[in-house]
Amino acid sequence: MKKSILIILTLVALVMCGCEQNPNNPGGNNNPGGNNNTDEPSIDITPYLGKYLMTRHTELSINVLNMFSFPLDKDLDVEVVTVKSDPTVENGIILSNNDALYLRGIVDTDGLHLQNDTVLLVIDTTIANYPLNFGVSVCMTHPTIQPPVNGVMEWTSIATGSASTTVLGIPINATLTGDMRYRTVWSN
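If you count the sequence shown from 1, position 168 lands on 1590 in our numbering, and the numbers rise without skipping.
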């Protein structure tokens, strides 16, 4: 009798173990091929890669001496920008041109995340018959950039900066806020 109970319990244990799913076979024994769906989405950086002719347009407000502001609405030079794969980072890209532009970024399921960068803008204007000519270092904070559609990629970055200069021996401090709009007008 004890042998019979032991055999029945052993058979029940074997049947129960046979119904468990194998973690390497998520479909269980009824689906030997399993289900190949994974939780990790596939990241494709190739839509971003290539050469682009890019326009940049600034809409900035410059506040001088905390007393008055003036707008700076300016189209910057059109430039050729190359986007290539970054061999040092998974899903990484490098965005560069022939001048000083060299940005790294990462592509994920939301889009391209560029590192923030600094741009030197030259302010050349006249206020109350006094010429102002100085450079301002502008920090650019970039949004998540969506993949190009029909070769067009565009985004608007937030610009902040400050500058100091001397006019007629008087120190002048200025702050700058606004945005810069980037748009590709041709791609290869």
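All residues carry an ideal CB built from backbone N, CA and C; glycine is no exception.
query	result
Ordered list of beta strand (DSSP E) runs contained in the region 1523-1551, each at least 3 residues	1524-1530, 1533-1536, 1539-1549
Spatial neighbours of His1479 in its chain, beta-carbon cut-off 6 Å, leaving aside the 5 residues before and after	Asp1497, Arg1603
Assigned exposure category for Ala1581 - 16 Cβ within 10 Å defines buried	buried
Candidates Thr1587, Pro1593, Val1502, Pro1469: closest to Asp1546 by CA position	Thr1587
Alpha carbon of Thr1606 to alpha carbon of Met1575, nearest angstrom	5 Å
Pro1469, DSSP secondary structure in three states	helix
Element boundaries [beta strand (DSSP E), containing Leu1590]	Premise fails: Leu1590 is in no beta strand (DSSP E) and is neither H nor E.
Alpha-carbon spacing of Met1489 relative to Val1503, whole angstroms	39 Å
Residue(s) in a DSSP beta bridge with Ser1464	Per DSSP, none; premise fails for Ser1464.
Rounded straight-line distance, which links the Cα of Asp1539 to that of Cys1561	6 Å
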